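Colleague: In my numbering, the protein residues as written are 7 to 219.
Let me give you the structure first, and then I'll get to my questions.
Encoded structure:
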């Protein structure tokens, strides 16, 4: 039985996790996979007898109708809801730390939307709760000494990768790009959110092109 308390165990998990690398790609976009996050910490959690339990509340869902790049009608399901994660010290179950969280997902099937929302939520809860890098430039953005950037605020100018995906979706044109970014920024979208939305549209466009061949 470990003599460490819950919070000391969490520090041990954070130490073994280290930095993550973007190990999964989709249509030119790199991101940290859920498998990488879990594989780096689950052995340490087992060793320390540390549990992480999710709990979800009944959420909301609605449909989102839109036109694809080909002008066809499409329908997605959007789900959102409140949830929490609770860390439990298995050696002393009275030691618990609960954190409120949320889930959001959008897919063409409601079950897929819910599943992807929980997967995405879990990955980013672990990254954020353990203080690990999640920005697009991390950990690649560390300097030669391994120091983190001084700030993680969203830059004023959209990243080149976002512009590239807009051009890929819009026949190599940036027309309308600035207006779209301004609108999404006003809706509190991050550049990462915008990029994810464009990736989804690129995937839809490619699927349609393959179906029409």
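Each residue gets a CB set at the ideal place from its N, CA and C atoms; glycine is no exception.
Computed from a prediction, not measured in an experiment: that's the story for all the values here.
So the alpha helix (DSSP H) residue 172 belongs to, where does it begin and stop?
Modeller: The residue labelled residue 172 in the question sits at position 166 within the chain shown. Looking at the DSSP string, the run of the alpha helix (DSSP H) that includes residue 172 is 166-175.
Colleague: For the beta strand (DSSP E) containing residue 105, list its first residue and its last residue.
Modeller: The count along the chain shown starts at 1 and reaches residue 105 at position 99. First-last of the beta strand (DSSP E) with residue 105: 102-113.
Colleague: Could you compute how far the alpha carbon of residue 85 sits from the alpha carbon of residue 177?
Modeller: Along the chain shown, read from residue 1 onward, the residue named residue 85 stands at position 79. Along the chain shown, read from residue 1 onward, the residue named residue 177 stands at position 171. About 31 Å.
Colleague: Compare the C-alpha of residue 212 against each of 89, 174, 135 and 50 and name the closest.
Modeller: Within the chain shown, numbered from 1, the residue matching residue 212 stands at position 206. Selected option, being the one with the closest Cα: 174.
Colleague: How far does the alpha helix (DSSP H) with residue 132 in it reach, from first residue to last?
Modeller: Against the chain shown, residue 132 aligns to sequence position 126. Segment 116-135, the alpha helix (DSSP H) holding residue 132.
Colleague: When you compare the CB positions of residue 167 and residue 193, do they come within less than 8 Å of one another, or not?
Modeller: Indexing the chain shown from 1 puts residue 167 at position 161. Indexing the chain shown from 1 puts residue 193 at position 187. No, the Cβ-Cβ distance between residue 167 and residue 193 is not below 8 Å.
Colleague: Among 109, 114 and 121, which has the Cα closest to the Cα of residue 127?
Modeller: The residue given as residue 127 occupies position 121 in the chain shown. Nearest of 109, 114 and 121 to residue 127, Cα basis: 109.
Colleague: Considering just the uninterrupted stretch of the beta strand (DSSP E) at residue 58, what are its terminal residues?
Modeller: Here residue 58 is taken as the residue at index 52 of the chain shown, counted from 1. Counting along the chain, the beta strand (DSSP E) containing residue 58 begins and ends at 56-62.
Colleague: Could you tell me whether the Cβ atoms of residue 91 and residue 131 are closer together than 8 Å?
Modeller: Translated into positions along the chain shown, residue 91 becomes position 85. Translated into positions along the chain shown, residue 131 becomes position 125. Yes, these two residues count as a Cβ contact at 8 Å.
Colleague: Roughly how many whole angstroms lie between the Cα atoms of residue 102 and residue 63?
Modeller: Here residue 102 corresponds to residue number 96 of the chain shown, with the count starting at 1. Here residue 63 corresponds to residue number 57 of the chain shown, with the count starting at 1. Going by the C-alpha atoms only, they are around 19 Å apart.
Colleague: Compare the C-alpha of residue 46 against each of 11, 10 and 133 and name the closest.
Modeller: On the chain shown, residue 46 is found 40 positions in, with the first residue counted as 1. Closest option to residue 46, Cα to Cα, is 133.
Colleague: Helix, strand or coil: which one does DSSP assign to residue 215?
Modeller: Position 209 of the chain shown, counted from the first residue, corresponds to residue 215. Helix.
Colleague: By how many angstroms is the C-alpha of residue 44 removed from the C-alpha of residue 80?
Modeller: Counted from its first residue, the chain shown places residue 80 at position 74. Counted from its first residue, the chain shown places residue 44 at position 38. Taking the straight line from one Cα to the other gives about 34 Å.
Colleague: Taking 8 Å as the cut-off, decide whether the C-beta atoms of residue 19 and residue 57 are in contact.
Modeller: Residue 19 sits at position 13 when you count from the first residue of the chain shown. Residue 57 sits at position 51 when you count from the first residue of the chain shown. Their beta carbons are not under 8 Å apart, which means residue 19 does not touch residue 57 by this criterion.
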